[in-house]
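Enquirer: Line by line, the protein sequences are chains A and B.
The first sequence begins at 12 in the numbering used here and counts up one residue at a time.
The second sequence begins at 12 in the numbering used here and counts up one residue at a time.
Note that the Cβ used here is the ideal one computed from N, Cα and C, for glycine as well.
This is the structure I have questions about; it appears just below.
Protein chains: 2
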Amino acid sequence: MTLAPHSQSHIDRPSTAVDNVIFSVIDNDLHVLLVKRGEVPFPKEWSIVGGFVDTHKDNDLEATAQRKLIEKTGISAPYLEQFKTIGSANRDPRCWSITTIYFSLLPFSELKPTDEHVEAAQWFKLEEAINMPLAFDHAEILKDCADRLRSKVLYTSLPVHLMPETFTLSELQKVYETIIGETIDQKSFRRRILNTDILIETDMTKQTSKRPAKLYIRNPELDTHFFTRNIEGPNRQN
Amino acid sequence: MTLAPHSQSHIDRPSTAVDNVIFSVIDNDLHVLLVKRGEVPFPKEWSIVGGFVDTHKDNDLEATAQRKLIEKTGISAPYLEQFKTIGSANRDPRCWSITTIYFSLLPFSELKPTDEHVEAAQWFKLEEAINMPLAFDHAEILKDCADRLRSKVLYTSLPVHLMPETFTLSELQKVYETIIGETIDQKSFRRRILNTDILIETDMTKQTSKRPAKLYIRNPELDTHFFTRNIEGPNRQN
DNA sequence: CCTGTTTAATCGCAAGTTGCAAGTAATTGA
DNA sequence: TCAATTACTTGCAACTTGCGATTAAACAGG
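The following block contains the structure:
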């Protein structure tokens, strides 16, 4: 049996893209990776990594996200999560367009764009990036996506995807605090994390000129852990 | 200045749709509204409400979701939330396709499809619908979407959007329990809800042949409330 | 070699929340 | 008038968290 012709003709289809907000924590600051556009509209403006779905190359949306990231920066993203989809007649001056927005988390040990991308891909502090004139509606996307990340960090183990292969609990706590923007009680934090199986304690310690701290790795067998309570921060009990 | 031609040609664009999982609670059971397809592929099979983005009629994705819902059932959805977007080369036998999936919550007082839709739109218990042969990947979408709803109900005030204009706390608790699938401690539930501003107490009571219960309305000035703790259910403290 | 400093890790507890059970209250129907 | 049913309130044991204090493991400097 032959299939009926598709009822959405090609000419009536929106343009379809993927955008990917790449986060990392560098020097205790949340950073975002931006790329510089070449073509109009918005030539030479910084923007979020992304591009069109290629129906010949990409098998699904995540494949598009990964392909565009590697094409534009030379970096690939071990952790990729869908944030939301925006589609409207207004966001691109040329046509109806849809973009599915992801965010990626990158350990700061894997940050460097490859040589041929150094000029057109760059890390910015999030607070700086939000206040730059970015292409399209990317400043707002960035802000909303960061808000989502900030929320999720309160009740999940997401920040472990920002850590290098081994790390200490104090380093992990510092990353949590960097994203949330407040201090976390050290006792509560350790208890919270060690009451789960999200980390595996190694035999190694990190030797600096202080008391050596135990080193941990992320438990690769587990997905993101969802806590039943949010981190509540200083004096929030009432 | 004229804009550069769009770099994603029309013929290379995926088909672009919106799907909308419509939930309600009827007789203490979570239900979902399905419609019967006419055209191939999957003729005469039940499916989730949805359809293609119309770039001439729709200003954005939510407009598509609302338009398709009214076209197919005569019902409109006061509460609409984006769930996720699926896009791949594999989900439609004809072409690369993307769908942005929403879910809607409908009070059971607003359930009836209009007369001309009665035959092709019908409410099913969720447990039945999940086990029916639905078009495309709709059974899996349904299941995943219900899982999302179940999760969100543990830490948000979402179920108030399933209530009629006035309702009692016991009725609200019953809806929470229906979705979660477990009982909730009555004292904890009342305290949790009444410690927020999500409901407004009315002067009225619901008079049945028992102690009259106070009637509440949803506070229309507030968005969904996010609790800092999940509902934890029987003997979950540890 | 000893000591001070810094950071990691642990201990103790007051304050607050929740789950459970019991009690009180407001109605209707028999 | 009273029993039954449901709504609503009270009380409390069990548990968790935030905060502060203490102990421990290192190194650098004297």
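Quick one: does B:V64 have its CB under 8 angstroms from some CB of chain A?
Expert: It does; some Cβ of chain A falls within 8 angstroms.
Enquirer: For B:D40, which beta-bridge partners are listed by DSSP?
Expert: Bridge partners of B:D40: B:I37.
Enquirer: Excluding five sequence neighbours on each side, which residues of the same chain lie with their C-beta closer than 8 angstroms to the C-beta of B:A88?
Expert: Taken in chain order, the residues that qualify are N31, I33, A76, Q77, L80, S115, L116 and L117.
Enquirer: Can you name, in chain order, every residue of its own chain whose Cβ lies under 7 angstroms from the Cβ of A:T7, other than the five neighbours on each side?
Expert: Absent from the structure is residue 7 of chain A, since the part of chain A shown begins at 12 and ends at 249.
Enquirer: Relative to chain B, which residues along the region 70-99 of chain A have a C-beta separation below 7 angstroms, given in chain order?
Expert: Cβ contacts with chain B come from N70, D71, L72, Q93, K95, T96, G98 and S99.
Enquirer: For B:T111, is the classification buried or exposed, using 16 other Cβ atoms within 10 angstroms of its Cβ as the cut-off for buried?
Expert: Buried, by the Cβ-count rule.
Enquirer: Could you check where the beta strand (DSSP E) with A:E212 kicks off and where it finishes?
Expert: Where A:E212 is concerned, the enclosing beta strand (DSSP E) stretches over L210 to K217.
Enquirer: Compute the Euclidean distance between the alpha carbons of A:G62 and A:A132, then round it to the nearest angstrom.
Expert: The straight-line gap from Cα to Cα measures roughly 14 angstroms.
Enquirer: Under 8 angstroms between beta-carbons, which chain A residues line up against B:P304? List them in chain order, please.
Expert: This structure does not reach residue 304 of chain B, given that chain B is present from 12 up to 249, and the question cannot be answered.
Enquirer: Strictly below 8 angstroms CB to CB, what residues from chain B border A:I109?
Expert: Ordered by position in chain B, the residues that pass the 8 angstroms Cβ test against A:I109 are T27, V64, L72, I109 and T111.
Enquirer: Could you name the residues of the region 218-243 of chain B whose beta carbon sits closer than 7 angstroms to any beta carbon of chain A, in the order they occur along the chain?
Expert: Answer set for the region 218-243 of chain B: T239, R240, N241 and E243.
Enquirer: Let me see if you follow: with CB-CB separation under 8 angstroms, is B:H172 close to chain A or not?
Expert: Taking Cβ atoms only, chain A never reaches closer than 8 angstroms to B:H172, which makes this a no.
Enquirer: Alpha carbon to alpha carbon, how far is B:L145 from A:A74? Give it in angstroms, no decimals.
Expert: Looking at the two C-alpha atoms, the distance is approximately 27 angstroms.
Enquirer: So, do the region 217-234 of chain A and the region 148-163 of chain B have three or more beta carbon pairs nearer to each other than 8 angstroms?
Expert: No: the two stretches stay apart, fewer than three of their Cβ pairs being nearer than 8 angstroms.
Enquirer: So, with DSSP's three-state summary, where would you put A:E92?
Expert: Looking at A:E92 - three-state DSSP - the assignment turns out to be strand.
Enquirer: Between A:L173 and A:Y90, what straight-line distance do the alpha-carbon atoms span, to the nearest angstrom?
Expert: Those two C-alpha atoms are separated by around 9 angstroms.
Enquirer: Using a beta-carbon distance below 8 angstroms, is A:H21 in contact with chain B?
Expert: Interface residue, yes.
Enquirer: Please report the straight-line C-alpha distance between A:M12 and A:I109, rounded to a whole angstrom.
Expert: Reliability fails at A:M12, whose pLDDT of 37 lies under 50, so the model's placement of it is uncertain and no value is given.
Enquirer: Using 10 angstroms around the beta-carbon of B:I242, count the other beta-carbons present and answer buried if the total reaches 16, otherwise exposed.
Expert: The residue is buried, with at least 16 neighbouring Cβ atoms inside 10 Å.
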